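S.K.:
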Ligand code: SRM
Ligand code: SF4
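Residue numbers (my numbering): 3 to 561.
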């Protein structure tokens with residue numbers, strides 16, 4: 003491992019990582035402590051690398067404090083599934099685990115995988131062991147490492163999809179931490195590694211910050227490829243995957259009132275072959291490992307490394323680590339950054355059904371039994387499941403002969419929660435936020451349905467009800483639902499108050515801008531009322547809302 007100019011004046015998290023003996027810390031001892039449902043802060047920092055966060059139920063926090071009880075602790079557990087592919091057998095085990103040890107829900111995420119919430123400390127080992135038995139891992143689902151690698155779950159062009167998915171899997175595997183700590187702490191308790199592990203790529207301090215990779219297959223940008231530290235855009239020739247355009251330096255996170263933090267779209271660097279992709283990603287990650295800011299975690303993503311040193315420096319530094327030259331950026335075109343709902347058929351004749359799952363929460367509601375319905379479906383389905391990059395779920399690989407039965411099952415259980423919704427409602431996303439997210443400043447997932455119905459009323463007023471519209475809500479500026487590329491985004495500022503962002507588009511290659519700060523719902527709806535009215539009157543043929551807002555200079559786009 004080469005090491006760049008790293009300061010000794012590093013953040014506390016850096017110290018914790020370096021002293022952790024490759025992510026061990028005292029996690030094992032803390033888990034064994036029966037006196038609290040929590041673990042100490044430094045161990046909680048380290049468990050993130052193992053794919054789990056200590057949280058507490060914020061809905062009952064104040065009441066528990068009043069009663070002098072410790073917070074209602076629970077762990078969020080997130081798996082790592084490159085490309086989001088799961089077998090039906092894995093689904094059934096997942097479903098059982100959700101009911102046995104979590105809060106009865108499987109939560110599909112914005113990065114094509116699932117989370118559990120509310121796992122108690124005493125059930126953590128059993129949970130991790132059962133995930134391991136499914137041939138899945140939670141290692142590196144969170145933490146300062148490469149996270150779950152996303153890949154467009156494209157059904158129609160299956161040869162290209164298969165090759166792109168294979169690249170996503172290779173990237174994921176190659177960049178997985180090597181530490182034996184995971185096995186030792188969660189699985190059988192035995193050391194399977196030498197006393198000192200080696201992390202040939204990461205080194206003992208891992209990365210300065212999280213690192214994210216996505217593979218997009220045009221014309222679909224459902225992964226929001228420019229929101230990633232590294233984005234690969236598939237290049238197809240005569241139905242085959244021939245290589246990738248490579249973009250680097252994307253990221254959504256920002257902090258209110260700190261202009262030195264900002265969302266940034268990844269910059270296109272050039273192109274590479276399919277075989278070169280893993281090396282390119284590894285070396286971009288290594289530049290970040292060596293030059294990323296280890297003092298200030300708010301300034302530690304690759305986007306800041308690139309902006310601080312300059313794009314030319316970054317390209318030269320990357321090139322100096324490669325023994326091949328990146329080719330020119332090749333032409334590509336994106337049409338949409340959402341999911342495609344309903345049935346799609348691939349060239350081999352198999353069918354794929356994309357179900358809309360409201361904010362990815364697969365749970366039994368009194369009127370719609372999503373968890374139970376999915377269990378029934380998994381028992382008869384002979385294909386696989388795929389999580390989408392937008393919190394939805396695909397019943398993939400259905401034979402023509404089975405299609406009617408799957409459709410009937412989906413209908414019987416009301417599995418397609420989007421069947422009666424408008425497109426803008428199905429395309430909308432919200433992050434988890436309250437009550438589990440410790441960083442949430444406002445509601446997101448729980449508020450989205452109400453907000454969308456109010457927006458729907460406005461759209462109807464102007465004859466725009468069927469207008470596709472990309473709306474995203476997050477409970478804080480960290481950007482977990484990638485709000486800064488949406489046409490309309492609400493970014494939580496305080497309970498019931500949001501920053502209103504306008505001017506993204508439907509292909510995910512333009513950032514929106516802050517239109518008004520700290521607005522109540524009433525004010526947001528007032529603003530949108532006026533904007534929709536003008537849009538309906540003055541839009542050009544085929545023009546989207548975000549494009550209109552930028553053209554009419556109602557919001558000045560950064561791009
Ligand atoms: Fe995220 C932190 C949930 C995708 C940017 N994110 C969190 C935490 C773990 C809160 C915390 O640190 O205590 C949230 C847990 C909430 C909960 O109760 O479950 C959380 N993030 C999520 C998920 C579950 C949102 C969802 O509704 O689906 C997504 C899980 C993805 C996955 O499967 O890995 C999720 N987070 C994202 C994305 C979108 C993406 O990656 O495509 C982003 C923006 C892209 C990016 O990274 O730039 C994102 N999450 C953040 C950040 C800001 C990072 C930054 O650079 O500033 C934080 C805060 C942090 O890291 O300090 C954060
Ligand atoms: Fe939590 Fe903020 Fe992420 Fe929403 S955007 S899940 S509130 S960290």
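Ideal placement from N, C-alpha and C gives every residue a C-beta, glycine not left out.
Everything numeric in this text was worked out from a predicted model, so none of it was measured.
Could you check whether residue 24 and residue 284 sit closer than 9 Å to each other, using their CB atoms as the reference points?
M.R.: In the chain shown, counting from the first residue as 1, residue 284 sits at position 282. In the chain shown, counting from the first residue as 1, residue 24 sits at position 22. No; because the gap between Cβ atoms is not below 9 Å, this pair is not in contact.
S.K.: Among 151, 82, 344, which has the Cα closest to the Cα of residue 134?
M.R.: For the purposes of this step, residue 134 is taken as the residue at position 132 of the chain shown. Among 151, 82, 344, the Cα nearest to that of residue 134 is on 82.
S.K.: Comparing alpha-carbon positions, which option in 246, 302, 278, 247 lies nearest residue 254?
M.R.: For the purposes of this step, residue 254 is identified with residue 252 of the chain shown, where counting begins at 1. Of the listed residues, the one whose Cα sits closest to residue 254 is 302.
S.K.: Can you list, in chain order, the residues of its chain whose CB lies under 6 Å from that of residue 7, leaving out five sequence neighbours each side?
M.R.: Translated into positions along the chain shown, residue 7 becomes position 5. Summary for residue 7: the model assigns pLDDT 43, below 50, so the residue's position carries little reliability, and this model does not support an answer.
S.K.: Would you kindly check if the distance between the Cβ of residue 548 and the Cβ of residue 496 is under 9 Å?
M.R.: Locating residue 496 in the chain shown gives position 494, where the first residue counts as 1. Locating residue 548 in the chain shown gives position 546, where the first residue counts as 1. Taking 9 Å as the Cβ cut-off, residue 496 and residue 548 do not qualify as a contacting pair.
S.K.: Check residue 212 in the structure and name its three-state DSSP category.
M.R.: For the purposes of this step, residue 212 is taken as residue 210 along the chain shown, with counting starting at 1. Coil.
S.K.: Looking at residue 218 and residue 233, is the spacing between their C-beta atoms short of 9 Å?
M.R.: Position 231 of the chain shown, counted from the first residue, corresponds to residue 233. Position 216 of the chain shown, counted from the first residue, corresponds to residue 218. It is a contact, given that the beta carbons lie within the stated cut-off.
S.K.: Which value, in whole angstroms, describes the spacing of the CA atoms of residue 561 and residue 295?
M.R.: For the purposes of this step, residue 561 is taken as residue 559 along the chain shown, with counting starting at 1. For the purposes of this step, residue 295 is taken as residue 293 along the chain shown, with counting starting at 1. In this predicted model, residue 561 has a pLDDT of only 36, less than 50, meaning its place in the structure is not dependable; the value taken from the coordinates is given anyway. Cα-Cα distance, rounded: 26 Å.
S.K.: Does the Cβ of residue 520 have 16 or more other Cβ atoms within 10 Å, making it buried, or fewer, making it exposed?
M.R.: Stepping through the chain shown from its first residue, residue 520 is reached at position 518. Flag for residue 520 reads exposed.
S.K.: Suppose contacts are defined by Cβ-Cβ distances below 9 Å. Is residue 446 in contact with residue 358 by that definition?
M.R.: Here the question's residue 446 lines up with position 444 in the chain shown. Here the question's residue 358 lines up with position 356 in the chain shown. Contact flag unset, no.
S.K.: Just to check my reading of the structure: residue 22 and residue 72 have Cβ atoms closer than 8 Å, yes? What is that Cβ distance to the nearest angstrom?
M.R.: Mapped onto the chain shown, residue 22 falls at position 20. Mapped onto the chain shown, residue 72 falls at position 70. About 25 Å; that fails the 8 Å criterion.
S.K.: When you compare each of 341, 535, 494, 365 to residue 157 by their alpha carbons, which one comes out closest?
M.R.: Indexing the chain shown from 1 puts residue 157 at position 155. Of the listed residues, the one whose Cα sits closest to residue 157 is 341.
S.K.: Would residue 181 be called buried (16 or more neighbouring beta carbons within 10 Å of its own) or exposed?
M.R.: Walking along the chain shown from the start, residue 181 turns up at place 179. Buried, since its Cβ has 16 or more Cβ neighbours within 10 Å.
S.K.: Please find out if some non-hydrogen atom of the ligand SF4 comes closer than 8 Å to the beta-carbon of residue 498.
M.R.: For the purposes of this step, residue 498 is taken as residue 496 along the chain shown, with counting starting at 1. Not so, every heavy atom of the ligand SF4 lies at least 8 Å from the Cβ.
S.K.: Is it the case that the CB of residue 214 approaches a heavy atom of the ligand SRM more closely than 8 Å?
M.R.: Along the chain shown, read from residue 1 onward, the residue named residue 214 stands at position 212. Yes - the ligand SRM has a heavy atom lying nearer than 8 Å to the Cβ of residue 214.
S.K.: Taking the CB atoms as reference points, tell me whether residue 128 and residue 118 lie closer together than 9 Å.
M.R.: Your numbering for residue 128 matches position 126 in the chain shown. Your numbering for residue 118 matches position 116 in the chain shown. No, the Cβ-Cβ distance between residue 128 and residue 118 is not below 9 Å.
S.K.: Less than 8 Å between the CB atoms is what I'm expecting for residue 33 and residue 126, so what's the real figure, rounded?
M.R.: What you label residue 33 is simply residue 31 of the chain shown in a count that begins at 1. What you label residue 126 is simply residue 124 of the chain shown in a count that begins at 1. Between residue 126 and residue 33 the Cβ distance is about 6 Å, and since that is below 8 Å, they are a contact.
S.K.: Relative to the alpha-carbon of residue 47, which residue among 145, 424, 406 has its alpha-carbon at the smallest distance?
M.R.: Working through the chain shown from its first residue, we reach residue 47 at position 45. Comparing Cα positions, the closest option is 145.
S.K.: For the beta strand (DSSP E) that contains residue 163, what are its first and last residues?
M.R.: Within the chain shown, residue 163 is the residue found at index 161, counting from 1. From DSSP, residue 163 is part of no beta strand (DSSP E) but of the alpha helix (DSSP H) over 160-176.
S.K.: Do you know how far the Cα of residue 491 is from the Cα of residue 559?
M.R.: Stepping through the chain shown from its first residue, residue 559 is reached at position 557. Stepping through the chain shown from its first residue, residue 491 is reached at position 489. Confidence at residue 559 is low in this model, with a pLDDT of 46, below 50, so the placement of that residue should be treated as unreliable; the coordinate-derived value is given next. So the two alpha carbons sit approximately 14 Å from each other.
S.K.: Have a look at residue 3 and residue 300 and give me their C-alpha separation to the nearest angstrom.
M.R.: As a first step, residue 3 is located in the chain shown; it is residue number 1 there, counting from the start. As a first step, residue 300 is located in the chain shown; it is residue number 298 there, counting from the start. With a pLDDT of 43 at residue 3, under the threshold of 50, the modelled position of that residue is not reliable, and the figure given next carries that caveat. If you take the alpha carbons of residue 3 and residue 300, they lie about 25 Å apart.
S.K.: The beta strand (DSSP E) with residue 377 in it runs from where to where?
M.R.: Within the chain shown, the letter at position 375 stands for residue 377. Looking at the DSSP string, residue 377 is not in any beta strand (DSSP E); the run it does join, the alpha helix (DSSP H), is 372-382.
S.K.: Can you list, in chain order, the residues of its chain with a C-beta nearer than 8 Å to that of residue 5? Leave out the 5 residues immediately preceding and following it.
M.R.: What you label residue 5 is simply residue 3 of the chain shown in a count that begins at 1. Reliability fails at residue 5, whose pLDDT of 41 lies under 50, so the model's placement of it is uncertain and the value that follows must be treated cautiously. The answer, listed in chain order, is 205, 292.
S.K.: Once you ignore the five residues that flank residue 441 on each side, which residues in its own chain have a CB closer than 8 Å to its CB?
M.R.: Here residue 441 is taken as the residue at index 439 of the chain shown, counted from 1. These residues qualify, in order along the chain: 477, 478, 480.
S.K.: Inspect the beta-carbon positions of residue 573 and residue 172 and report whether they are closer than 9 Å.
M.R.: Residue 573 lies beyond the range of the chain shown here (3 to 561); nothing can be said about it.
S.K.: Are the beta-carbon atoms belonging to residue 272 and residue 289 less than 9 Å from one another?
M.R.: Counting from 1 along the chain shown, the entry for residue 272 is found at position 270. Counting from 1 along the chain shown, the entry for residue 289 is found at position 287. Not in contact: residue 272 and residue 289 (Cβ atoms no closer than 9 Å).
S.K.: Return the residue from the list 422, 274, 407 that minimises the CA-CA distance to residue 330.
M.R.: As a working note, residue 330 is residue 328 in the chain shown. Selected option, being the one with the closest Cα: 274.
S.K.: Alpha carbon to alpha carbon, what distance is there between residue 498 and residue 159?
M.R.: In the chain shown, residue 159 corresponds to position 157, counting from 1. In the chain shown, residue 498 corresponds to position 496, counting from 1. Whole-angstrom Cα-Cα distance: 43 Å.
S.K.: Can you say whether residue 231 is buried or exposed, counting buried as having 16 or more other CB atoms within 10 angstroms of its CB?
M.R.: Position 229 of the chain shown, counted from the first residue, corresponds to residue 231. That one is buried.
S.K.: Taking the beta carbon of residue 114 as the centre, do at least 16 other beta carbons fall within 10 Å, making it buried, or is it exposed?
M.R.: For this step, residue 114 is matched to residue 112 along the chain shown. Its Cβ being crowded by 16 or more others within 10 Å, residue 114 is buried.
S.K.: With a cut-off of 8 Å, do at least 3 Cβ pairs link the segment 391-400 to the segment 349-358?
M.R.: Touching, yes, given that three or more Cβ pairs across the two stretches are closer than 8 Å.
S.K.: Please find out if some non-hydrogen atom of the ligand SRM comes closer than 8 Å to the beta-carbon of residue 300.
M.R.: In the chain shown, the residue the question calls residue 300 occupies position 298. Under cutoff, so the answer is yes.
S.K.: How long is the line joining the alpha carbons of residue 380 and residue 227, rounded to whole angstroms?
M.R.: Locating residue 380 in the chain shown gives position 378, where the first residue counts as 1. Locating residue 227 in the chain shown gives position 225, where the first residue counts as 1. Going from the Cα of residue 380 to the Cα of residue 227 covers about 30 Å.
S.K.: Among 60, 465, 210, which one has its Cα closest to the Cα of residue 74?
M.R.: Sequence index remark: in the chain shown, residue 74 carries index 72 (1-based). Among 60, 465, 210, the Cα nearest to that of residue 74 belongs to 60.
S.K.: So, under 8 Å CB-CB, residue 557 and residue 510 are touching, yes? Tell me the CB distance rounded to an integer number of Å.
M.R.: Walking along the chain shown from the start, residue 557 turns up at place 555. Walking along the chain shown from the start, residue 510 turns up at place 508. With 8 Å as the limit, residue 557 and residue 510 do not qualify as a contact, their Cβ atoms being about 17 Å apart.
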